[in-house]
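What follows is a single structure, written as structure tokens, with notes after it.
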Amino acid sequence: MKLYEYQVKKIFAQYGINIQKGELAKTPQEAKQIAAAIGGPVVLKSQVLVGGRGKAGGVKIVDDLSGVEKAADKILKTEIKGYKPNGILVLEKIEIKQEFYLSIVLDRKMKKTVIIFSSFGGMDIEEISKKHPEKVAKIYIEELLGLQDFHINRLLPLLNKDREIFLKLKEIVKKLYSIYKKYDGLIVEINPLILTENGDLVALDGKMEIDNNAQYRQKSLVDASNGVEEDPIELIGKQAGFVVIKLKGNISIISNGAGLALSTLDLLHKYNMGVANILDLSGGATPEKVMRAIKVVMQDKDVKGILFNIFGGITRCDEIARGIAGALKSIPENISVVCRLQGTNRDEGINLLKDVNLDADIDLEETVKNIVSTVNRGWRI
Amino acid sequence: MSILVNENTRLMVQGITGREGSYHASLMKKYGTKVVAGVTPGKGGQEIEGVPVFNNVDEAVKSTEANTSILFVPPGFTKDGILEAIDGGIKLIVTVAEGVPVHDMIFTHYYARLNHCILIGPNTPGIISPGKSKVGFMSDSIYKKGNIGVMSRSATLSYEIVNNLSNKEIGQSTVVGVGGDSIPGSSFVDLLPLFEEDSQTDLIIMIGEIGGSDEEIAAKYIKEHMKKPVIAFIAGEAAPEGKVMGHAGAIISPGGEGGVKYKRKVLQDAGVHMIERLSEIADMVTEIL
């Protein structure tokens, strides 16, 4: 889960990392008041979770405070890559002497935490690494060891051995590492971290993504970001207790496992059939749960066919079949329904479906061919 | 032989008094697994499904000589449970819960390693050596004893593959779920040497999927060290970038890292036999052996 810049900066401030003066505004009027309190030139920054907002018109420097309200109004109305801004951060404009890059990232491949620092900042790290590889340091940290001073000392050469700046940087790295650990970070990034004319290091931007698995112990952050970026169907699914993945196409895959659903998607793709959504029933679904799942995917207007792919283990095929039979009447006849049942109580399940005139196959490829032809025909029976 | 679990497995079930814990303790026992102890803090002294329950791992290990543990505990308690088991001297731990925080998993991964303990999971159905022992919750009727080693990131795809094999009378030595999370306790590369050494295993099937680099790391090991043939299947070629596809670990990074094409290529270059459809597995095995 990604956090907004204003959330990240609030955390930075709590840990004593310098940030600019300023606050979050939800309306142009609020932006005007905050700017007035700052009393000098300001920067307005759209609060969205996607990158590239500068190029998309989401960041504006306003030197004359009489222009704040109008500029803020425009930014609030500007969608960035399809996302509406969740407010504007109104910040004091600050003079930059030098820009750095600093992040702490969980490296999945190495199973380690890595500190990335560069004496070039302001552009994204891939670009810096390409243009100035010699200016980028990556320091891996053994998990059982944790961050130590010697790790940070390795950044000294990149600072032209300027000890004064280095000591300040050291403090920031330590604080950022504490934040990363405390908030279950996958990435915590300051880009740019700037050096001001009077020698302070200030976080001009802040990015953070936290581990979804840790949401239960990061409740305050989760509540504050209130699922604004989620797809409506995914949200409906979540509220009904399912993981739903919204994709592009017309088939809904209802399956009892993530891997099985994923390989079903692949197989449909081989037959040039797009998938509208995937719903994972997970293990041990009851008929009621199946009916609830059907209700969820039916709310996706793209759906023209539903493909059940069930490999019964803990899940029993007869239970699944009861759910499908129970919900069948509520599914319009121009929506195809095909089922593949395999594993625990397969034959009972197939017989139950026969009673409601639905053929179930035990072979996945046959099932896929079946839905491709019925959807193309546009009629269930 | 077989790997990880066998007749000598003496299993402890952490969280045995819970609904899932007690249910699967009874199923594992029925399969023939020696379930010797259960652990639930504060509930020691009783018996569940004929298994004595202890307050902590130390007591359980002292009284029963348990050497393997399976955890049926919620994600938030998993780290503590794993560390207690390692501290108690357990050398093989299976953790089934989905949704364990990755920072917890990184720490337990290294702590397990430090103590020469093998950690399997999270988000796994467990391990089964057909005919000998099952440490997990998979539906055991589809498995057959034989000479094929299987390891999979997805539970349902391992069932699918095993079912295809068993239907053609091709049995399995051990089937291991490495789990669907982004930081598994053990990865493919940790299991490959065990299968290579195992006298019962003649061929290894690896069921991977999009996300991460575990297949690529395995490919390098296969190329350099494996003599036994390996077949691989990678799920998710139709998945879009930047979207978590059900498993927390199944995500292609923006820019294409973790995609199917590259994984396939690297594996192929390492001499791995690739199948593109699950239904091709039995024929491929027959062709190679």
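Chains as they are written, first to last, in my numbering: chain A, 1 to 381; chain B, 1001 to 1289. Using N, Cα and C, we set each Cβ at its ideal position, and we do this for glycine too.
For residue i, I'd like the list of residues in its chain whose CB is within less than 8 Å of its CB, leaving aside the five on either flank, ordered along the chain.
i	result
G1089(B)	V1061
V375(A)	N250, I251, M273, K304, G305, S336
I381(A)	Because the pLDDT of I381(A) is 49, which lies under 50, any placement of that residue in the model is unreliable, and the number read from its coordinates should be weighed accordingly. Excluding sequence neighbours, I381(A) sits near E333, N357.
L159(A)	S119, I165, F166, L169
A325(A)	L352, L353, D355, V356, L358
S1279(B)	N1164
N1006(B)	S1129, K1132, S1133
I1148(B)	L1165, I1170, G1171, Q1172, S1173, T1201, D1202, L1203, I1204, I1205, V1285
Using only alpha-carbon positions, find the residue among the options that is nearest to residue i.
i	options	result
E1065(B)	T1124(B), P1193(B), G1038(B)	G1038(B)
A66(A)	E5(A), G40(A), G87(A)	This sequence places Ser at residue 66(A); Ala is not what is there. When each option's Cα is compared against that of S66(A), the closest is G40(A).
Y4(A)	G199(A), K21(A), Y83(A), K248(A)	Y83(A)
G51(A)	I125(A), V68(A), S252(A)	I125(A)
D382(A)	L364(A), K93(A), E143(A)	This structure gives no information on residue 382(A), because the portion of chain A shown stretches from 1 to 381.
E1216(B)	L1165(B), I1118(B), G1271(B)	G1271(B)
A1248(B)	I1148(B), R1153(B), I1170(B)	R1153(B)
A1219(B)	S1063(B), Q1268(B), V1096(B)	Q1268(B)
I1251(B)	T1033(B), I1183(B), D1104(B)	I1183(B)
V202(A)	F12(A), M1(A), I314(A)	F12(A)
T1174(B)	N1167(B), E1196(B), E1059(B)	E1196(B)
L1071(B)	T1017(B), F1107(B), N1115(B)	T1017(B)
Y6(A)	I253(A), I34(A), A36(A), Q47(A)	Q47(A)
H1225(B)	A1235(B), A1239(B), L1194(B)	L1194(B)
T1095(B)	N1115(B), V1178(B), D1058(B), Q1046(B)	V1178(B)
G1258(B)	S1186(B), E1209(B), M1274(B), H1273(B)	E1209(B)
K70(A)	E230(A), R316(A), I115(A), E30(A)	E30(A)
G1256(B)	H1273(B), G1236(B), I1275(B)	G1236(B)
N1055(B)	L1114(B), K1043(B), R1113(B)	K1043(B)
E288(A)	R377(A), E319(A), L262(A)	E319(A)
K1243(B)	K248(A), Q239(A), K9(A)	K248(A)
K93(A)	Q299(A), T196(A), D300(A), R217(A)	T196(A)
A285(A)	L268(A), G323(A), Q20(A)	G323(A)
L221(A)	G185(A), K77(A), E366(A)	G185(A)
I1093(B)	S1063(B), I1118(B), T1078(B)	I1118(B)
Can you tell me whether residue i is helix, strand or coil according to DSSP?
i	result
K138(A)	strand
K170(A)	helix
V303(A)	coil
P133(A)	helix
A258(A)	helix
E1084(B)	helix
R1277(B)	coil
I34(A)	helix
I94(A)	coil
E1209(B)	strand
R1019(B)	helix
P28(A)	helix
P1074(B)	coil
Q1268(B)	helix
L382(A)	Because chain A here runs from 1 to 381, residue 382(A) falls outside it and cannot be looked at.
P85(A)	coil
D1104(B)	helix
Q20(A)	coil
T433(A)	The requested residue 433(A) is not part of the displayed model; chain A covers only 1 to 381.
Pull up the CB-CB distance for residue i and residue j, whole angstroms please, since I reckon it's below 8 Å.
i	j	result
T1156(B)	F311(A)	5 Å
V1162(B)	I1231(B)	Not a contact, Cβ separation roughly 13 Å.
I187(A)	E209(A)	5 Å
M1001(B)	S1199(B)	5 Å
R53(A)	V59(A)	6 Å
F1188(B)	M1151(B)	6 Å
I271(A)	V114(A)	Per the sequence presented here, residue 271(A) reads as Tyr, with Ile not at that position. No, Y271(A) and V114(A) are not in contact; Cβ-Cβ is about 42 Å, not under 8 Å.
So, at 6 Å on beta carbons, what are the nonlocal neighbours of residue i in its own chain, with the 5 sequence-adjacent residues on each side left out?
i	result
L265(A)	V275
A321(A)	G349, L352, L353
L102(A)	F117, I190, L193
K207(A)	E189
V1057(B)	V1039, E1084, A1085, G1088
N370(A)	V338
T27(A)	none
Looking only at its chain, what residues have a beta carbon closer than 7 Å to the beta carbon of residue i, apart from the 5 residues adjacent to it on each side?
i	result
G1180(B)	N1123, R1153, S1154, H1247, A1248, G1249, A1250
V1035(B)	L1011, V1013, A1025, M1028, K1029, V1051
R34(A)	The sequence given here has Ile at residue 34(A), not Arg. Counting only Cβ-Cβ distances below 7 Å, and skipping sequence neighbours, we find G22, E23, A25, V90.
Y15(A)	K175, S178, I179
**Item:** Any alpha helix (DSSP H) of 4 or more consecutive residues that is wholly inside the stretch 276-355 of chain A
**Value:** Counting only runs that start and end inside the stretch 276-355 of chain A, the alpha helix (DSSP H) elements of at least 4 residues fall at 287-298, 317-327, 346-354.
**Message:** Quick check on the DSSP output: what are the complete beta strand (DSSP E) runs of length 3 or more inside the stretch 157-241 of chain A, in order along the chain?
**Reply:** Runs found: 185-195, 201-203, 207-210.
**Asked** What are the complete alpha helix (DSSP H) segments, minimum 4 residues, inside the stretch 1214-1265 of chain B?
**Response** Taking 4 residues as the minimum length, the alpha helix (DSSP H) runs contained wholly in the stretch 1214-1265 of chain B are 1214-1225, in order along the chain.
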